[in-house]
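Protein chains in written order, with our numbering: chain W, 1 to 237; chain L, 1001 to 1673; chain Z, 2001 to 2438. For glycine and all other residues, C-beta sits at the position ideal for the given N, C-alpha and C. Note that the structure is a prediction, hence the values are computed from the model and not measured.
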Ligand SMILES: Cc1cc2nc3c(=O)[nH]c(=O)nc-3n(C[C@H](O)[C@H](O)[C@H](O)COP(=O)(O)O)c2cc1C
Ligand code: SF4
Ligand code: FES
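Spelled out as structure tokens, the structure:
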């Protein structure tokens, strides 16, 4: 994607709204985007959901992915590039060679203040080291993920786990690779609230609540009236 | 849409009471008291203020925080301070922040000397920077498009350029990428920013981040001159500033005329002119001699031309092209009518229209202005493609839609004729102020008259004559099409759309352009003058004109550049002036008379066209009574009844719509009492 | 005595489902509200004096009352972006009791005569979004959402919108731009969202906790609610405690109790052998307080008086094992990374501050740099488009003011080491590791 030092390629044409006649858009993606657009008074609101969907399909917000979204949304790909590069969860860098197109595992290690006070920076370094040479993982240092109560923590494909130790890393990665539940014992989903006055009786530790801690990515579709709940991300792996 | 009415209020700025229109932004209101509030991101042409750069912070009594002057509307009784220590500290802080990453390469920057950042740093900056960290460095400059270079180091992220692309041109090609201090101006995946109005971002940029590639290092602000002019590359007639050095136009910039161009230029107008410098110009008269065009003296060319015209006499036709001025058109038609007794002059591409229709379509009570397009409830665009026909109007329509809820309805000539009632209903649904934007081609062809009548019927149906801000707006084919018609360059009308003067008469009709071609081809006419007119431009006419010129005995042309057709057919060529060299007047499609002034000397032996016409006439024994460009204009104002009393001073830099002057009453149409 | 309005039995299995929520009396507040006129519901909200729980602490009822009345296109947007460092209270509600939030949204929309609503949830809360989506679908199926809610004639649509990772989208106008499909850049105010917000329409924006409190207010009555807490800070508040405390997590407290009680009695205080060095009372955007401030009552007014703010109600405790420079660096880096880049002081000021901190750490700074850094913070405060810039400048300014000696000593030590300063974060990591191992 473009950068500070990018020069326009004068051999290319201007990037206007893609021509539907020449832009191939996978049916599944088209349907997802169209369903999203229908939810809002202004179709432009679907930009982020559409980019989430394109990233899911392409592995990242590649120029091709942006063109496809642009084609369905009837906007220029540049306007989507502007959006995609603004948000941390939208990948605008190509995956390393050898990476699978779909289903790379996103590991976000929180390195913000509360987690750092509990060793998050070292954890992040160790995590990166552990995935060296495995293009199946995207490991990123993230800002506060909203789970400082389990510091230091990480989000693995949206599943929050913590407090993590360096020693947890191999198991965590193995679980992700195998498509198993990630470190079940350390999942946020099972934690009871800290406030001792909250619960009037001793409730059991949570069994991971509704269906499974799966992708909110499909949440949009589930939200639609009558919309069937699609298979979670696990199925795509 | 009713235009906002503004009342005047008074407020206090830096201890002085100042009057200003209510609700103008403080930075503009301050100017009424000669107070300058520095700005970077504020540019009202781009739409609502965004308050991003924070340069314009001011103190307002009763509001604890400093406020941005660019976005705060002035209210009666407001007390504003721009020189308190608090304000100065904030201004110095913002300049210091901006310079954190701005390179200090002014000596080698194209913007140096005309750079707002430079000026504001001197005027409001801290004098020193306490930033000692290394500045960021990037490869520079880089091509952003074939015409624009980008230097991202210098960018201060005011995002004017991006807002232009998104909110004015609406091409959405130029965007900001990334976030925070990493933000940069980008296009998609290395594509060039290539759009009809892209060049405007060069002028919008308040630093040297966006520069014109053709102009880079061509000149420094202190060794250039600046001349106001009017672009004649299309009928939109945008007002321009020409940057001149050593008698060459190096750059074309906007000359903000809200009633014409709204402060924008299209890329053709901006970049084509300097390119003209580079093209080989015809700088001396050319004469066909032994089958070859050879350079000859003016005397020789004039006498040969006069002799040939003398021989052809009333069998001569003449066509005036787009950039011909009113004065040149008037003199040309007089040469034909009075010098050669020929009624065959024309300036229309769409064929001849009965005079009463011409008059009805030009009825001053029915004429809309360009600004009306913006504020109307609806615009009916008939047989017209603004982006190619009068490029800048595309932006005006977009602005109308975006800012004032203009409804646009498009129709073809046929739809206008057949579905008039339906269209009218659709338009009235949007509101009563309707502007019908139509192109001259609507009146072409076998249905031309019917279409013109349908247009008038539409105006009648919508009651446009009685409504302020509503009316018809014609885009003529030729850049000065309206002016030429009003000057009498029509086969069936004299100056001021008067009855065609002699030799035309009931028994002898003047030929229009097509009939001139036919006449030449059939040997009924033998000579033709093509004044800055290229009949081959329209492909459908090509064959007819090849036959015509092939058969003609004499082809006399006024042209700036030589092309294959002239090579093949012209017998005499007079070097034509470029618009930057001319002196005279034009008429904008909405009736605004605009003035051309010479900005550069004409190259070689090029001669003013009015002068060579006078000389040609004189060689034919006709005294046109004109000894200077000024006298030519005065003659024009005399003979066009509804221009009566006009002076060049009155036209001034911004032009004047003749419909708004008293003399408009002399327009040859019955006005209902 | 405590009054758990939000967290009561929050871990009851299945609470996120409609069945359990209804069995516990859920949606009865809504039924009550639907029988009342919008004006009467609004009166209850105003009487409660509930202050917004997202950070700014503006009275919710007042905000609703600013909306133009009548049946024009208006919007309600629930701010579930929860990205303020140290804040994780909304998450607890979202994942465990989503129907409480939905019920609150429907009641608030009724009060504001609003028919379209959105929840903007941060993209990272994927699982929470799933739970919420399921709950919304259930609520719709049960007739609590959609056309003619429970036959009352009122309608409300609710769309769940996921963000994609940008702190600035928690700022209400940045959120609106993001929800409109753009970069999440804050907008100039005025116009305020209540006049011109989403799609240019009047818009009510409230935090998750604020809206989730609404059913309780309806159930007990606004006046009754206002009796909880203290006069200018009514009710109960969720507090997220994290950092160097032994029992990090969410606690529901009555506003106005001593901060010490929260940090020590509830969260267990720092690990044995360590003392509080400084604490952020309202997320990392709040100026730091020190051990000397532990007895300040935890409410909006008292925190402001103490020179800080209650913010989102996130207490981050830093104990004496951590160099203050590391804290400053974390804070500054965060805001540099999250500055949207639209306005100059925020974009350049956060960037410059990080660079200066790096120089302090690497031994290339002099005490004069601390003055420059302090003045840069002053130049940011009040001069930005939104308050993200202030959100860095205030804590950094407070750190320079309160820990100047330590910073100078740090600088000195780094210089003596020959400029070979360690990366701040790794020191922090080591220190923290030590603290946890202890
Ligand atoms: C930089 C910044 C980030 C913010 N983040 C959040 C947030 O994550 N969640 C939230 O509810 N409010 C956040 N706010 C506050 C919102 O702007 C807004 O005041 C709030 O959502 C209003 O809801 P309330 O009145 O219920 O508190 C943030 C404000 C700023 C300036
Ligand atoms: S390139 Fe120029 S106009 Fe564009 S954002 Fe940068 S400084 Fe502003
Ligand atoms: S973050 Fe950019 S203006 Fe506030």
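Collapsed DSSP secondary structure at residue 1013 of chain L in the structure displayed: Annotated three-state conformation of residue 1013 of chain L is strand, per DSSP.
Sequence-distant residues of the same chain with beta carbon closer than 7 Å to residue 1233 of chain L, five excluded per side: Cβ neighbours of residue 1233 of chain L within its own chain (closer than 7 Å, five residues either side excluded): 1268, 1269, 1272 and 1479.
Positions along the stretch 69-89 of chain W whose CB lies within less than 8 Å of some CB in chain Z: Of all residues in the stretch 69-89 of chain W, 82, 83, 86, 87, 88 and 89 have a Cβ within less than 8 Å of some Cβ in chain Z.
C-alpha distance - residue 1015 of chain L paired with residue 1081 of chain L, whole-angstrom precision: Approximately 8 Å between the Cα atoms of the pair.
Any non-hydrogen atom of ligand 1 within 7 Å of residue 1200 of chain L CB: Residue 1200 of chain L Cβ: outside cutoff for every heavy atom of ligand 1.
The stretch 87-97 of chain W / the stretch 2162-2178 of chain Z touching (three or more Cβ pairs under 8 Å): The stretch 87-97 of chain W is in contact with the stretch 2162-2178 of chain Z.
Residues in the stretch 1378-1398 of chain L having any Cβ partner in chain W nearer than 9 Å: The stretch 1378-1398 of chain L vs chain W, Cβ under 9 Å: nothing.
Short CB-CB distance (under 8 Å) between residue 2342 of chain Z and chain L: True, the Cβ-Cβ gap to chain L drops below 8 Å.
Proximity test, Cβ basis, 8 Å: residue 1133 of chain L and chain W: Not closer than 8 Å to any Cβ of chain W, the Cβ of residue 1133 of chain L fails to qualify, so no.
Closer than 7 Å: residue 2476 of chain Z CB and nearest ligand 1 heavy atom: Any answer about residue 2476 of chain Z is impossible in this case: the structure gives chain Z only from 2001 up to 2438.
Beta-ladder partner(s) of residue 2162 of chain Z, from DSSP: For residue 2162 of chain Z, DSSP records a beta bridge to Z:2121.
Counted within 10 angstroms of its Cβ, other Cβ atoms place residue 101 of chain W as buried (16 or more) or exposed: Around the beta carbon of residue 101 of chain W, a 10 Å sphere encloses fewer than 16 other beta carbons of the protein chains shown; the residue is thus reported as exposed.
Cutoff 8 Å: residue 206 of chain W Cβ touching any chain Z Cβ: Yes, its Cβ sits closer than 8 Å to a Cβ of chain Z.
Given residue 174 of chain W as reference, the closest of W:121, W:6 and W:105 once Cα atoms are compared: In terms of CA proximity to residue 174 of chain W, W:105 leads the group W:121, W:6 and W:105.
Under 7 Å from the C-beta of residue 1057 of chain L: neighbouring residues of chain Z: Chain Z residues near residue 1057 of chain L: 2383.
Cutoff 8 Å: residue 1195 of chain L Cβ touching any chain W Cβ: Yes, its Cβ sits closer than 8 Å to a Cβ of chain W.
Member of L:1587, L:1219 and L:1073 whose CA lies at the smallest distance from the CA of residue 1108 of chain L: Ranking L:1587, L:1219 and L:1073 by Cα distance to residue 1108 of chain L puts L:1219 first.
Chain-ordered chain W contacts of residue 2004 of chain Z [CB-CB under 7 Å]: Within chain W, the residues placing a beta-carbon under 7 Å from that of residue 2004 of chain Z are 197 and 198, ordered along the chain.
Residue 1343 of chain L classed as buried or exposed, judged by whether at least 16 other C-beta atoms fall within 10 angstroms: Counting C-beta atoms within 10 angstroms of its own C-beta, residue 1343 of chain L has 16 or more neighbours from the protein chains shown and is therefore classed as buried.
Simplified DSSP state of residue 212 of chain W, which is helix, strand or coil: Annotation note: pLDDT 44 at residue 212 of chain W (below 50); position unreliable, no value reported.
Residue nearest to residue 2365 of chain Z in terms of C-alpha spacing, selected from Z:2413, Z:2141, Z:2104 and Z:2197: Residue Z:2413 is the option with its Cα nearest to residue 2365 of chain Z.
Range covered by the alpha helix (DSSP H) that runs through residue 2355 of chain Z: Counted as a single uninterrupted DSSP element, the alpha helix (DSSP H) harbouring residue 2355 of chain Z occupies residues 2344-2361.
Any non-hydrogen atom of ligand 1 within 7 Å of residue 2210 of chain Z CB: Within the cutoff, so yes.
As assigned by DSSP and simplified to three states, the class of residue 1050 of chain L: The answer is coil: DSSP assigns residue 1050 of chain L none of H, G, I, E or B.
C-beta neighbour in chain W for residue 2010 of chain Z, strict 8 Å: Yes, because at least one Cβ of chain W sits closer than 8 Å to the Cβ of residue 2010 of chain Z.
Exposure label - residue 168 of chain W; buried when at least 16 CB within 10 Å: Classification of residue 168 of chain W: buried, given that the 10 Å Cβ count is 16 or more.
Whole-angstrom C-beta distance between residue 2099 of chain Z and residue 2139 of chain Z, which should lie under 8 Å: Their Cβ separation, rounded to whole angstroms, is 7 Å, which keeps residue 2139 of chain Z and residue 2099 of chain Z in contact under 8 Å.
Residues near residue 2328 of chain Z in its chain [Cβ-Cβ closer than 7 Å; skip 5 each side]: Cβ within range, chain order: 2357, 2396 and 2399.
Residue 65 of chain W at chain B interface by Cβ criterion, 8 Å: Absence of chain B from the displayed structure is noted, the protein chains being W, L and Z.
Entirely enclosed beta strand (DSSP E) segments - the stretch 1017-1081 of chain L, minimum 3 residues: With a minimum length of 3 residues, the unbroken runs of beta strand (DSSP E) contained wholly in the stretch 1017-1081 of chain L fall at 1057-1060 and 1079-1081.
First through last residue of the beta strand (DSSP E) which encompasses residue 1271 of chain L: Counted as a single uninterrupted DSSP element, the stretch harbouring residue 1271 of chain L is not any beta strand (DSSP E) but the alpha helix (DSSP H) occupying residues 1267-1278.
6 Å CB neighbourhood of residue 4 of chain W in its chain, flanking five on each side removed: Correct list: empty, nothing qualifies.
Alpha helix (DSSP H) segments (min. 4 residues) lying fully within the stretch 1116-1184 of chain L: Qualifying alpha helix (DSSP H) stretches, in chain order: 1116-1124 and 1160-1163.
Residues in the stretch 1059-1073 of chain L having any Cβ partner in chain Z nearer than 7 Å: Within the stretch 1059-1073 of chain L, the residues whose Cβ lies closer than 7 Å to some Cβ of chain Z are 1065, 1066 and 1071, listed in chain order.
Nearest-angstrom Cβ-Cβ length linking residue 1245 of chain L and residue 1223 of chain L, presumed shorter than 8 Å: At roughly 6 Å, the Cβ-Cβ gap stays under 8 Å, so residue 1245 of chain L and residue 1223 of chain L are in contact.
Which of helix, strand or coil DSSP assigns to residue 87 of chain W: Coil, per DSSP.
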